[in-house]
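Numbering follows my numbering, with no gaps: position 134 of the sequence shown is 134.
Where is the CB? At the ideal position from N, CA and C, for every residue including glycine.
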Amino acid sequence: MPLNQDVPKEYSKSINAAINFIQTNLSDNLSLEKLSQVANYSPFHFQKIFTQVTGESPKQFIVRLRLETAAHALIIQLDKPIKEIALENGFTSAATFARAFRNYFGFSAENVRAMPKEQRMALYKKGTQDQQLVDTDKYFKNVDDRDSDPLNIVVKKVQAIYGVVVDSALDIVSIENAFKKIFQLADVNDLLETNSKFFGIIYPHQLSYKAMISTKRPPSPAKFLSHEIPAAKFATYHVAGDLQDTFRTLRVFTEKWLPESGYRLGDIWGFELLSENLANKSYRVIEREMHIPIIPQ
């Protein structure tokens, strides 16, 4: 989500750190005290600054993010029980989740599961106050059987990856600017290594992206927003082109390869490993290796 630009830079940096913590710990007890520690403010000042920067209170932000993440999981992780999705996204019980979901979306989680596939996909376009979770017209339009060329998928185990990140909206201009910014910050602060790699973490349900450079030594938390890609098993394949090409391959992956693979989606985000530094070249011409988390059925 875009942050209020009319606030001091140090406020945005601290709130970004809190948001990154929320995104990666949705199932945890995200208390005001814990988040204020991450942002290095008192609880009172953290809540005031968070609301000023984001336009939402911490509680409103967390509940919205949990519900939108759960909705995305309901649509694409059809084999995962609703209660499991609720607990994974920080709800204390199925009943609490059911009430919150219906109040937010206007229909139940069970309704989502009972819908035909095309109707479920259309839900990506609807949220509170016409807020779009994923713009299917932009990313999935005209994707049909003609687009089902083999993806040459390879399953890999990947160890945990650590790095520094800059948050970005999910569009090419924003992504390219984010990589230029994070490369400059890492270069100026001597965080780059000869084997540093460039990653992009995609959160389609939030229309957000993290531009990431791997680092060998931990960066100063006061200067950088750090992130960890957890160790997991991933389905990988190569893609080039714009974001529509990326999402086209993701649909081919979920509809063509995944059902016969013996795997199911392990999570609702994925990341791409870029073959070159995006600070110097266009996103569209750089080959990327997509990584989609998977677990056995």
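Residue i in three-state terms, based on DSSP
i: I286; result: coil
i: K59; result: helix
i: I75; result: helix
i: I153; result: coil
i: A160; result: coil
i: P296; result: strand
i: V143; result: Low local confidence applies: a pLDDT of 46 at V143 is under 50, so the model's placement there is unreliable, with the coordinate-based value given in what follows. Of the three classes helix, strand and coil, the one that applies to V143 here is coil, per DSSP.
i: T128; result: Bear in mind that a pLDDT of 38 at T128, under 50, signals an unreliable position, so the number given afterwards is only what the model happens to contain. T128: helix per DSSP, three-state reduction.
i: L192; result: coil
Contact under 8 Å by Cβ, residue i with residue j
i: F247; j: H291; result: no
i: Y263; j: P296; result: yes
i: A98; j: S108; result: yes
i: G266; j: M212; result: no
i: L151; j: W257; result: yes
i: A71; j: F105; result: yes
i: A17; j: L225; result: yes
i: F240; j: V285; result: Strictly speaking, residue 240 in this sequence is Ala, with Phe absent from that position. Closer than 8 Å, so yes.
i: H238; j: N20; result: no
i: F101; j: L67; result: yes
i: K15; j: I49; result: Here residue 15 turns out to be Ile, not Lys, going by the sequence shown. Yes. Within cutoff.
i: L243; j: I172; result: yes
i: S301; j: D245; result: Nothing can be reported for residue 301: it is not among the residues displayed for the chain, which extend from 1 to 297.
Residue i: first and last residue of the uninterrupted beta strand (DSSP E) it sits in
i: H45; result: H45 -> not in any beta strand (DSSP E); alpha helix (DSSP H) instead, spanning 43–54.
i: E272; result: 270–274
i: I172; result: Where I172 is concerned, there is no enclosing beta strand (DSSP E), although the alpha helix (DSSP H) it sits in stretches over 172–188.
Status (buried if at least 16 other CB within 10 Å, exposed otherwise) for residue i
i: N89; result: buried
i: P293; result: buried
i: Q159; result: exposed
i: P81; result: exposed
i: T194; result: exposed
i: K210; result: buried
Limits of the alpha helix (DSSP H) - the one that residue i falls within
i: A109; result: 109–114
i: R101; result: Note on identity: in this sequence residue 101 is Phe, with Arg being the wrong assignment. First-last of the alpha helix (DSSP H) with F101: 94–105.
**Asked** Are the stretch 192–212 and the stretch 258–278 touching, with three or more C-beta to C-beta distances below 8 Å?
**Response** yes
**Asked** Taking three-plus beta-carbon pairs below 8 Å as touching, is the stretch 50–58 in contact with the stretch 70–78?
**Response** no
**Asked** At a cut of 8 Å, does the stretch 171–179 reach the stretch 278–293 through at least three beta carbon pairs?
**Response** yes
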